[in-house]
Amino acid sequence: MLKNKLNGNGKSDKLPKATDFEPTKNPSPKIIELRKATREAMQALRVEIEKYGKKPDFRH
Amino acid sequence: MVKSPIFDTNTIETYSNEIENLVEFSYFPSIIFFELIATSIDKSTFEKYTRWHNVLKKNERILTPTENDWWETSKAIRRMYLNKSAQQSMLKTLRIDSLIARLSVKNQNTFIVTLDVDDFLIIKKEMPNLNVVNALEFFN
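These protein sequences, in sequence, are chains A and B. Residue numbering for the first sequence follows our numbering, beginning at 1 and increasing consecutively. Residue numbering for the second sequence follows our numbering, beginning at 61 and increasing consecutively.
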């Protein structure tokens, strides 16, 4: 059976860690907006988990 | 070129603080919004997810499966089924993860950060180009 070529041959590169990513020091308005929206969404997620408990897992 | 992380829902829930600082480098599968929106309770939370979704979309940070991605993913799951590389009961669990894996394989400068590494390693048998890292290792 032929596999889709895109799925590849199994070679993988060394992957970065979170500390390898340095946030832009002078962010553009677009990045500022992106950070703000993310911060608010993540905060809302934490509040909901605290209020109602862990979310149901759709995988099971 | 440095690869960009893709997070699954479980990782976002566990590492929400850390992900705030990585958003400009990251991609988010549309599937996570299905899970976040479907399980949001407060109206204010729903509105914040909606805003986040819109801003990510504007910044082209959302990865959405095409018809072909569903097709290729179903073929990969079929191979797992036929090769018995995953227990039958696991196939249901692997549906969403396989779709996320497909998005990562298609967008070659990405890798998946997950707490469910074992599941993604099963998928990797059928998608060898998939790059996966344990969230514990990635964030520490």
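Beta carbons: idealized from backbone N, C-alpha and C, even for Gly.
Kindly give me the distance between the Cβ atoms of residue i and residue j, rounded to whole angstroms, as I take these residues to be in contact under 8 Å.
{"i": "Ser-76/B", "j": "Arg-121/B", "result": "Not really, about 16 Å apart at Cβ, beyond 8 Å."}
{"i": "Ile-66/B", "j": "Pro-89/B", "result": "6 Å"}
{"i": "Pro-16/A", "j": "Val-62/B", "result": "6 Å"}
{"i": "Leu-190/B", "j": "Ala-161/B", "result": "5 Å"}
{"i": "Met-42/A", "j": "Glu-80/B", "result": "5 Å"}
{"i": "Phe-58/A", "j": "Glu-95/B", "result": "5 Å"}
{"i": "Leu-82/B", "j": "Ala-18/A", "result": "6 Å"}
{"i": "Asp-68/B", "j": "Thr-170/B", "result": "In fact, because the Cβ distance is near 13 Å, the residues do not count as touching under 8 Å."}
{"i": "Phe-180/B", "j": "Val-165/B", "result": "Incorrect: roughly 11 Å between the Cβ atoms, too far for contact."}
{"i": "Thr-99/B", "j": "Pro-56/A", "result": "6 Å"}
{"i": "Ile-91/B", "j": "Ile-156/B", "result": "6 Å"}
{"i": "Asn-70/B", "j": "Asp-176/B", "result": "6 Å"}
List the DSSP bridge partners of residue i.
{"i": "Leu-45/A", "result": "In the DSSP output, where bridge partners are listed per residue, Leu-45/A has none listed."}
{"i": "Leu-40/B", "result": "As displayed, chain B neither begins before 61 nor continues past 200, which places residue 40/B out of reach and without an answer."}
{"i": "Ser-64/B", "result": "Thr-170/B"}
{"i": "Asn-26/A", "result": "None, per the DSSP bridge assignment."}
{"i": "Asn-77/B", "result": "Its beta-bridge partners do not exist; DSSP assigns none."}
{"i": "Val-193/B", "result": "Val-173/B"}
Determine, using beta carbons only, whether residue i comes closer than 7 Å to chain C.
{"i": "Lys-14/A", "result": "Included in the structure are the protein chains A and B, with no chain C among them."}
Residues in the stretch 20-35 of chain A having any Cβ partner in chain B nearer than 8 Å: Asp-20, Phe-21, Pro-23, Thr-24, Pro-27, Lys-30, Ile-31, Glu-33, Leu-34 and Arg-35
Where the stretch 66-97 of chain B meets chain A: residues whose CB sits under 8 Å from a CB there: Thr-69, Asn-70, Ile-72, Glu-73, Ser-76, Asn-77, Glu-78, Ile-79, Glu-80, Asn-81, Leu-82, Val-83, Glu-84, Phe-85, Phe-94, Glu-95 and Leu-96
Stretch pair the stretch 123-143 of chain B + the stretch 176-194 of chain B: three plus CB contacts closer than 8 Å: yes
Under 7 Å (Cβ pairs) to chain B, residues found in the stretch 33-53 of chain A: Glu-33, Leu-34, Arg-35, Ala-37, Thr-38, Arg-39, Glu-40, Ala-41, Met-42, Ala-44, Leu-45, Arg-46, Glu-48, Ile-49 and Tyr-52
Three or more C-beta pairs below 8 Å linking the stretch 149-156 of chain B and the stretch 111-119 of chain B: no
Sufficient close CB pairs (3 or more, under 8 Å) joining the stretch 121-133 of chain B to the stretch 43-52 of chain A: no
contact_flag[the stretch 25-44 of chain A, the stretch 97-115 of chain B] where n(CB pairs < 8 Å) is 3 or more: yes
The stretch 162-182 of chain B: positions lying closer than 7 Å to chain A by Cβ: Val-165, Lys-166 and Phe-171
Completely contained alpha helix (DSSP H) runs for the stretch 105-168 of chain B, where each covers 4 or more residues: 127-143 and 148-166
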